[in-house]
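Numbering-wise, numbering that gives the first Met the number 0 puts 33 at position 34 of the sequence shown, and it's gapless, one number per residue.
The structure appears below as structure tokens.
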Amino acid sequence: MIKIGIVGSDNTHAERFSEITNLENPPKGLHVDGTRVVAIYGEEEQRTKEVAEKGKIPRIVADPEEMIGLVDAVMMVFRHGDKHYPYARPFIEAGIPTFVDKPLAIKVADAEAMIELADKKGTLLTSFSTLRYAQKTVKFIEETKKIAPLTAGLSTGPADRESEYGGLPFYGIHAVELLLATFGYAVESVLAVERQKNILASVKYKTGALTAICFLGNASYVFHLVAYGKEGYLDHFVDASTCYVDGLKVFLDMINTGKKPLSNEQLILPVRLLEAIEQSLLKGEEITF
């Protein structure tokens with residue numbers, strides 16, 4: 000039984016992860032065996048109590064470091080990515096396997112520091128949008144091999160550049176990771192424009208592929224992928240119904256096998272790309288990697 004500690008209660012993800020591990024009859028019947036959330040820390044007392052009650056988390060700690068020695072793994076699930084590094088650092092230093100919810104960080108420097116510390120301490124560290132591991136999304140990405148090589152495509156998702164939780168990265172990370180999971184990580188450059196809170200970022204690949212990320216700040220909520228290749232085209236409306244279970248299983252597999260699902264470069268590139276998109280918007284020019 001893997002004992003998990005959750006750090007951060009403001010995000011609904013804290014509820015979802017505790018529900019699928021701790022409840023006998025979780026919503027939609029989705030459950031993950033072999034693990035339980037045994038402790039939680041949150042900055043807002045009432046909200047933390049609410050999450051603990053809903054997810055039947057037995058212990059609320061006043062200081063997250065109280066979890067060290069009590070848990071086998073930890074999940075950072077704050078809404079604001081700037082909080083992840085300072086809260087994750089003690090656990091990484093203690094060698095406790097750590098999952099950092101999206102985004103890994105707002106600043107590239109924080110992401111680099113976290114990864115460097117994990118490497119130095121030999122601590123298992125990963126971070127991802129659970130949407131990329133949703134069952135139907137994984138199947139879609141596998142199907143794109145049949146139309147390869149991919150030469151163009153689009154990843155669409157909601158985002159708010161003015162979000163109080165770190166701006167574009169808070170929700171924009173989903174569309175970014177879905178693009179990278181589908182088209183790969185050989186990004187060459189990005190050029191972004193904004194109009195009426197919608198943002199279009201043209202992402203060029205070293206392979207020659209031309210893709211785009213459409214961040215919807217003034218349109219209906221949807222996550223959508225389109226892939227065009229030499230042998231055809233495919234599109235996919237992302238189904239998030241199983242993503243928490245699927246994502247948690249990826250984290251647990253890392254703990255059980257000692258193998259990270261994503262390389263250091265794959266962890267940091269989404270943060271770099273989001274930072275580059277913001278720079279492109281500010282400067283009105285293409286940013287090269």
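Beta carbons: idealized from backbone N, C-alpha and C, even for Gly.
These numbers come from a predicted model, not from an experiment.
*Rounded to the nearest angstrom, how far is the Cβ of Leu29 from that of Val244, given a contact under 8 Å?*
The Cβ separation is near 5 Å, so the contact holds.
*Can you grab the Cα-Cα spacing for the pair Ala117 / Asn24, in whole Å?*
About 36 Å.
*Whole runs of the alpha helix (DSSP H) within the segment 220–285, excluding any shorter than 4 residues*: If we require 4 residues or more, the alpha helix (DSSP H) runs fully inside the segment 220–285 come out as 242–256, 263–282.
*Can you give the beta carbon distance from Ile198 to Phe182, rounded, assuming they're within the 8 Å contact cut?*
Actually they do not touch by this definition, with Cβ atoms about 18 Å apart.
*Roughly how many whole angstroms lie between the Cα atoms of Phe127 and Arg78?*
The alpha-carbon atoms of Phe127 and Arg78 are separated by roughly 14 Å.
_Option nearest Glu277 by Cα separation, candidates Ile212, Phe222, Phe139_ = Per the C-alpha coordinates, the member of Ile212, Phe222, Phe139 positioned closest to Glu277 is Ile212.
*Count the other CB atoms within 10 Å of the CB of Glu18; is the residue buried (16 or more) or exposed (fewer)?*
By the beta-carbon neighbour count (other beta carbons within 10 angstroms, threshold 16), Glu18 is buried.
_Whole-angstrom distance between Gly171 and Phe222, CA atom to CA atom_ = If you draw a straight line from the Cα of Phe222 to the Cα of Gly171, it is about 11 Å long.
*Opposite Pro102 in the DSSP bridges: which residues?*
Answer is none; Pro102 lacks a bridge partner.
*Quick one: any contact between the segment 135–147 and the segment 173–192, if contact means 3 or more CB pairs under 8 Å?*
Three or more beta-carbon pairs separated by less than 8 Å link the segment 135–147 to the segment 173–192, which places the two stretches in contact.
*Between which two residues does the alpha helix (DSSP H) harbouring Ser17 extend?*
Start and end: 11–21.
_Buried/exposed call for Thr125, threshold 16 Cβ in 10 Å_ = Thr125 should be labelled buried.
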